[in-house]
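Heads up: the sequence shown begins at 22 in the numbering used here, then just goes up one per residue. All residues carry an ideal CB built from backbone N, CA and C; glycine is no exception. All values reported here derive from a predicted model rather than from experimental measurement. One structure below.
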Amino acid sequence: MNKLVAVIQLIGSAGVSVVALATLINLIFISTRPETISVVNTLVGQGVLIICLLALATVLFKRGLAGLKQGKLAPNSNTAA
């Protein structure tokens, strides 16, 4: 079960990373528009969103890798439940 959760976390990390990349591409397209307050608000908002998505992807990736490593070690140990 832990291995399944770890794999789902790694897949989720990849998905969140793709969403962050798509948001970055959208940010680049929006930055070519004329400067108005709406464009500036969108740039700031999407910048914050990209940072949050990348932080979430990093956490999911680290937890997924830790779960996979833990799953690989359990069958070899004598104290595995």
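Asked	Found
Flag this pair as yes or no: are the beta carbons of L77 and T44 separated by less than 8 angstroms?	no
Within 10 Å of its beta-carbon, does L81 have 16 or more other beta-carbons around it, so buried, or fewer, so exposed?	buried
Whole angstroms is fine: what's the gap from V37's alpha carbon to I71's?	10 angstroms
Quick one: what does DSSP say R84 is sitting in, helix, strand or coil?	helix
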